[in-house]
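In the numbering used here, the protein residues as written are 3 to 475. Think of the CB as a built atom: it goes at the ideal place given N, C-alpha and C, for glycine as much as any other residue.
Here's what the structure looks like:
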């Protein structure tokens, strides 16, 4: 459908900016039935949560879904996040409530506080707060629907290319992705912004115009307003072409993930927490890099920038025996010890203060150090219940000079020697929680109970559980 329409928008008092009437051609190829076809390709859901800002894109998505409610396979619910970054933010929230009332769609409105620290991006912090809100509401088997379209995909692709991103960045935004504990979907990715606006105008919809979207200090806005119009003038189908390239990148990522999963079986030990250096090197550089990215992602660690990945390949893997190199970046580090590579959160700085561990009152260390707790049991290596002091066990970290005899061993030796014999990784030797009864070392968390305090086979005991701790061996 091709037509011409004169367009105006509502007054600033409604939270919608006013523009002078203008005349331009409308190319209408979006409609609710086409959207419904996309929706039928999504996983079954209990509820569809629509991220509704009140702007053009989310207004089209919400309105089109509302028109198709009878054929939707799940309940429809709008979600508006008020960032309070604009003086009209509260008016925008009221506009969204009025729109939802007119569409007979329930809406959940949440407020967030966006206060970036020095050097942080306002845009990035706002996004982080918004997605945190989304996660707090989206339940099991729910799908969060966002209104990103083909032009947004083009902008993302260009931004990632200009930043030197790899395939993961060039794959841009997926149509469907896991979003704990449900899914996130972008059902408008097949449509351009012009198509959405054309349909919105034929429906006489009203939407909000956020003035920050015209601020070219932001990279995305600069691309949208200064660069992309020139590209489209020369290559009119550029958005569809780049979306296709993003799709190719996404398919290639799937293949690389399958290869990495097979390589992981060959290289991994300790339930996937460590990789054998020799096996990694046997893969060759390209496959080793691919596996390292895949492995770190499975460990839920932040992925390294390119130069850090190169450093792992060139410095960590070929390091001589006896050396324990480390490559770190924000949120993660990779270390080597005795022919194995370890990926983990940055080694935490342990506090010198003392903790008290009691039954029913676990010690939460934080900073990647896990939690220490006591569990009554008659099985396995345990602390003898009769020795458990009423005031609880004192928990400290190594200061040097500790001596002990683990249960089942004949001699007292310095703790330093036991840790070497047990192949405890060097960076954890100063970070092991030591449990004391009075001034006597009774146990080393994650390793052993000292002989004088160990429960016998027929004695009640307390198992010392150190959960979610870093790799020790």
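For residue 194, count neighbouring C-beta atoms within 10 Å of its own C-beta (all shown protein chains included) and say buried if the count is 16 or more, exposed if not.
Against the chain shown, residue 194 aligns to sequence position 192. With 16 or more other Cβ atoms within 10 Å, it is buried.
What does a CB cutoff of less than 7 angstroms around residue 140 pick up in its chain, not counting 5 residues either side in sequence?
Taking the chain shown and counting its residues from 1, one reaches residue 140 at position 138. Hits under 7 angstroms: 51, 146, 181, 184.
Separation of residue 344 from residue 268, as counted between CA atoms:
Sequence index remark: in the chain shown, residue 268 carries index 266 (1-based). Sequence index remark: in the chain shown, residue 344 carries index 342 (1-based). Linking residue 268 to residue 344 through their CA atoms gives a straight-line distance of about 16 angstroms.
When you compare the CB positions of residue 66 and residue 108, do they come within less than 8 angstroms of one another, or not?
Position 64 of the chain shown, counted from the start, is the residue given in the question as residue 66. Position 106 of the chain shown, counted from the start, is the residue given in the question as residue 108. Contact annotation: residue 66 and residue 108 have beta-carbon atoms that are not nearer than 8 angstroms.
Between the stretch 397-412 and the stretch 424-438, do at least 3 Cβ pairs fall closer than 8 angstroms?
The stretch 397-412 vs the stretch 424-438: in contact.
What are the boundary residues of the beta strand (DSSP E) that includes residue 79?
The sequence position of residue 79 within the chain shown is 77, counting from 1. Judged by DSSP secondary structure, residue 79 falls within the beta strand (DSSP E) whose first and last residues are 77-84.
Sorted by chain position, which residues of the same chain lie with C-beta nearer than 6 angstroms to residue 358's C-beta, five sequence neighbours on each side aside?
The residue you call residue 358 lines up with position 356 of the chain shown. In the same chain as residue 358, and ignoring 5 residues on each side of it, the C-beta atoms closer than 6 angstroms to its own belong to 394, in chain order.
Residue 411 beta carbon less than 8 angstroms from that of residue 453:
Along the chain shown, one-based indexing puts residue 453 at 451. Along the chain shown, one-based indexing puts residue 411 at 409. Less than 8 angstroms divides the Cβ of residue 453 from the Cβ of residue 411.
Classification of residue 257 by the beta-carbon crowding that lies within 10 angstroms, buried from 16 upward
One-based indexing of the chain shown puts residue 257 at position 255. Per the 10 Å Cβ criterion, exposed.
Since residue 149 and residue 60 are thought to touch, with beta carbons under 8 angstroms apart, how far apart are those beta carbons, to the nearest angstrom?
Locating residue 149 in the chain shown gives position 147, counting from the first residue. Locating residue 60 in the chain shown gives position 58, counting from the first residue. Cβ atoms of residue 149 and residue 60 come within 8 angstroms of each other, at about 4 angstroms.
List, from N- to C-terminal side, the beta strand (DSSP E) runs of 3 residues or more that fit wholly inside the stretch 265-332.
Fully enclosed beta strand (DSSP E) runs of 3 or longer: 276-278, 328-331.
Applying the criterion that 16 or more other CB atoms from any shown protein chain within 10 Å of the CB defines a buried residue, is residue 469 buried or exposed?
The count along the chain shown starts at 1 and reaches residue 469 at position 467. Label assigned to residue 469: exposed.
Could you tell me whether the stretch 459-475 touches the stretch 373-386, where touching means 3 or more Cβ pairs closer than 8 angstroms?
Three or more beta-carbon pairs separated by less than 8 angstroms link the stretch 459-475 to the stretch 373-386, which places the two stretches in contact.
Identify, in the order they occur along the chain, each residue of the same chain with its Cβ nearer than 7 angstroms to the Cβ of residue 310, setting aside the five sequence neighbours on each side.
Sequence index remark: in the chain shown, residue 310 carries index 308 (1-based). A distance below 7 angstroms between beta-carbons, with the five flanking residues on each side excluded, links residue 310 to the following residues of its chain, in chain order: 329, 331.
If you run the structure through DSSP and keep just helix, strand and coil, what is residue 180?
Position 178 of the chain shown, counting from 1, holds the residue named residue 180. DSSP places residue 180 in the strand class (E or B) of the three-state scheme.
Does residue 441 pass the burial test, meaning 16 or more other C-beta atoms within 10 Å, or should it be called exposed?
Residue mapping note: residue 441 aligns to position 439 of the chain shown, counting from 1. Residue 441 is exposed by the Cβ-count criterion.
Separation of residue 288 from residue 83, as counted between CA atoms:
Counting from 1 along the chain shown, the entry for residue 83 is found at position 81. Counting from 1 along the chain shown, the entry for residue 288 is found at position 286. Straight-line Cα distance between these residues: approximately 42 angstroms.
Which residue marks the beginning of the alpha helix (DSSP H) containing residue 2, and which one marks its end?
Given a span of 3 to 475 for the chain in the structure shown, any question on residue 2 remains unanswerable.
Under a Cβ-count criterion, where at least 16 other Cβ atoms within 10 Å of its own Cβ denotes burial, should residue 314 be classed as buried or exposed?
The residue labelled residue 314 in the question sits at position 312 within the chain shown. Per the 10 Å Cβ criterion, buried.
Are the beta-carbon atoms of residue 234 and residue 242 separated by less than 8 angstroms?
Position 232 of the chain shown holds residue 234. Position 240 of the chain shown holds residue 242. The Cβ atoms of residue 234 and residue 242 do not sit closer than 8 angstroms to each other.
Is the CB-CB distance between residue 169 and residue 221 below 8 angstroms?
Within the chain shown, residue 169 is the residue found at index 167, counting from 1. Within the chain shown, residue 221 is the residue found at index 219, counting from 1. Here residue 169 is not near residue 221, since their CB atoms are 8 angstroms or more apart.
Taking only the alpha-carbon atoms, compute the straight-line gap between residue 104 and residue 297 and give it to the nearest angstrom.
Start at 1 with the first residue of the chain shown, and residue 104 comes out as number 102. Start at 1 with the first residue of the chain shown, and residue 297 comes out as number 295. The C-alpha of residue 104 lies about 49 angstroms from the C-alpha of residue 297.
Once you ignore the five residues that flank residue 174 on each side, which residues in its own chain have a CB closer than 6 angstroms to its CB?
By 1-based counting over the chain shown, the position of residue 174 is 172. In its chain, beyond the 5 residues on either side, 155, 158, 159, 248 have a beta carbon closer than 6 angstroms to the beta carbon of residue 174.
Here's the rule: buried if 16 or more other CB atoms are within 10 angstroms of the residue's CB, otherwise exposed. What is residue 419?
The residue you call residue 419 lines up with position 417 of the chain shown. With fewer than 16 other Cβ atoms from the protein chains shown falling within 10 Å of its own Cβ, residue 419 counts as exposed.
Quick check: residue 212 and residue 57, are their CB atoms within less than 8 angstroms of each other?
Position 210 of the chain shown, counted from the start, is the residue given in the question as residue 212. Position 55 of the chain shown, counted from the start, is the residue given in the question as residue 57. Going by C-beta atoms, residue 212 is nearer than 8 angstroms to residue 57.
Taking residue 339 as part of the beta strand (DSSP E), name the residues at either end of that continuous run.
Here residue 339 is taken as the residue at index 337 of the chain shown, counted from 1. 334-339 is the extent of the beta strand (DSSP E) around residue 339.
Return the CA-CA distance between residue 480 and residue 152, expressed in angstroms with no decimal places.
Given that the chain is displayed from residue 3 to residue 475, the structure contains no residue 480 and the question cannot be resolved.
Tell me the DSSP secondary structure of residue 26 in three-state form.
If you number the chain shown from 1, residue 26 lands on position 24. Bear in mind that the predicted position of residue 26 carries a pLDDT of just 34, short of 50, making it unreliable; the figure below should be weighed with that in mind. Correct three-state label for residue 26: strand.
Please classify residue 144 as buried or exposed, where buried requires at least 16 other C-beta atoms within 10 Å of its C-beta.
Position 142 of the chain shown, counted from the start, is the residue given in the question as residue 144. Classification for residue 144: buried.
If we call anything under 8 angstroms between Cβ atoms a contact, is residue 474 one with residue 448?
As a working mapping, residue 474 is identified with position 472 in the chain shown. As a working mapping, residue 448 is identified with position 446 in the chain shown. For the 8 angstroms CB-CB criterion, residue 474 and residue 448 form a contact.
For residue 357, the first and last residue of its enclosing beta strand (DSSP E)
Sequence index remark: in the chain shown, residue 357 carries index 355 (1-based). Run containing residue 357: 357-359, per the beta strand (DSSP E) assignment.
Where do the N-terminal and C-terminal ends of the alpha helix (DSSP H) with residue 345 fall, by residue?
The residue labelled residue 345 in the question sits at position 343 within the chain shown. That residue, residue 345, is in no alpha helix (DSSP H); its beta strand (DSSP E) goes 342-346.
In whole angstroms, what is the alpha-carbon distance linking residue 476 and residue 112?
A question about residue 476 goes unanswered here, because the residues of the chain that appear run from 3 up to 475.
Which residue from 299, 187, 42 puts its Cα closest to that of residue 74?
The residue labelled residue 74 in the question sits at position 72 within the chain shown. Cα-wise, what sits closest to residue 74 is 42.
Whole-number beta carbon distance between residue 262 and residue 215, since they are thought to touch under 8 angstroms
For this step, residue 215 is matched to residue 213 along the chain shown. For this step, residue 262 is matched to residue 260 along the chain shown. Between residue 262 and residue 215 the Cβ distance is about 38 angstroms, and since that is not below 8 angstroms, they are no contact.
For residue 456, which residues of its own chain have a beta-carbon under 6 angstroms away from its beta-carbon, when the five flanking residues on both sides are left out?
The sequence position of residue 456 within the chain shown is 454, counting from 1. Its chain contains 409 as the residues whose beta carbon lies nearer than 6 angstroms to that of residue 456, once the 5 sequence neighbours on both sides are disregarded; these appear in chain order.
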